[in-house]
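In order, the protein sequences belong to chains V and L. Everything in the first sequence is counted per this note's numbering, starting at 2 for the first residue and increasing by one. Everything in the second sequence is counted per this note's numbering, starting at 926 for the first residue and increasing by one. Notes follow the structure.
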Amino acid sequence: EPEVTQTPSHQVTQMGQEVILRCVPISNHLYFYWYRQILGQKVEFLVSFYNNEISEKSEIFDDQFSVERPDGSNFTLKIRSTKLEDSAMYFCASRETGGYTFGSGTRLTVV
Amino acid sequence: KNEVEQSPQNLTAQEGEFITINCSYSVGISALHWLQQHPGGGIVSLFMLSSGKKKHGRLIATINIQEKHSSLHITASHPRDSAVYICAVSPYTQKLVFGQGTRLTINP
């Protein structure tokens, strides 16, 4: 069964550093998403991406966040200057017209 | 006020019991999703519903659009069903809005 692949599975970074989280969505899917889940809290929407541009973003997705699809297969989330409160599990998801397929997540720890 | 509310928050049952998890939402939606999250954190999609009822193995999901309510049922529950079950809705936008999840524990 096709999978959404996320790398790395766990990343520890110093506060103020830039991180890039990587995702390989399912190849024929058209819609791509980033969600995050702070420990003990519910999953929150960050951004959706369609036709090589952002289609919707949440209040959380401020200027320190950006997304790219650099080579037609990878889908990346960049956090420019990490803060302690960015520590969370970050999920990539993709879909065609139906249900979502989620990656297994990247656990980001900012110290 | 949360747009998606689940009950109960925690549920412990014995193997073999019939399980029901409820989800209420307050916004108009194009679809409702039931998801499963295992202790390692990964999220698996179980059902996408826009009306009626769907069944997959021992899992059954129903939705009542007029009452803005959905239920997830598990028949003949098994310890491997232990996980967090999450209700999420698509409110006519690109995003999913998630409930807080129901932590289910099935004891042998």
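We put the beta carbon where it would ideally sit given N, CA and C, even for glycine.
- Put simply, the CB of residue 76/V is far from chain L, with every gap to its CB atoms at 9 Å or more.
- Contact of residue 105/V with chain L is assigned, a C-beta pair being separated by under 9 Å.
- For the pair of segments examined, the region 32-41 of chain V was found not to touch the region 941-954 of chain L: the number of CB pairs separated by less than 8 Å stays below three.
- When 95/V, 82/V, 43/V and 42/V are compared, the shortest CA-CA separation from residue 50/V is found for 95/V.
- Annotation: Cβ neighbours of residue 1019/L in chain V (cutoff 8 Å, chain order): 32, 34, 49, 51, 56 and 57.
- Listed along chain L is no residue with a C-beta nearer than 7 Å to that of residue 84/V; the closest approach is about 21 Å.
- Check the Cα spacing between residue 1003/L and each of 992/L, 948/L, 975/L and 983/L: the tightest is with 983/L.
- Not flagged as an interface residue toward chain L: residue 20/V, since no C-beta distance is shorter than 9 Å.
- The contact set of residue 1025/L on chain V, defined by CB atoms closer than 7 Å, consists of 43 in chain order.
- 9 Å or more divides the Cβ of residue 961/L from the Cβ of residue 1032/L.
- Under the DSSP assignment, residue 980/L falls in the beta strand (DSSP E) whose first and last residues are 977-981.
- Across the structure, residue 975/L and residue 17/V are spaced so that their CA atoms are roughly 43 Å apart.
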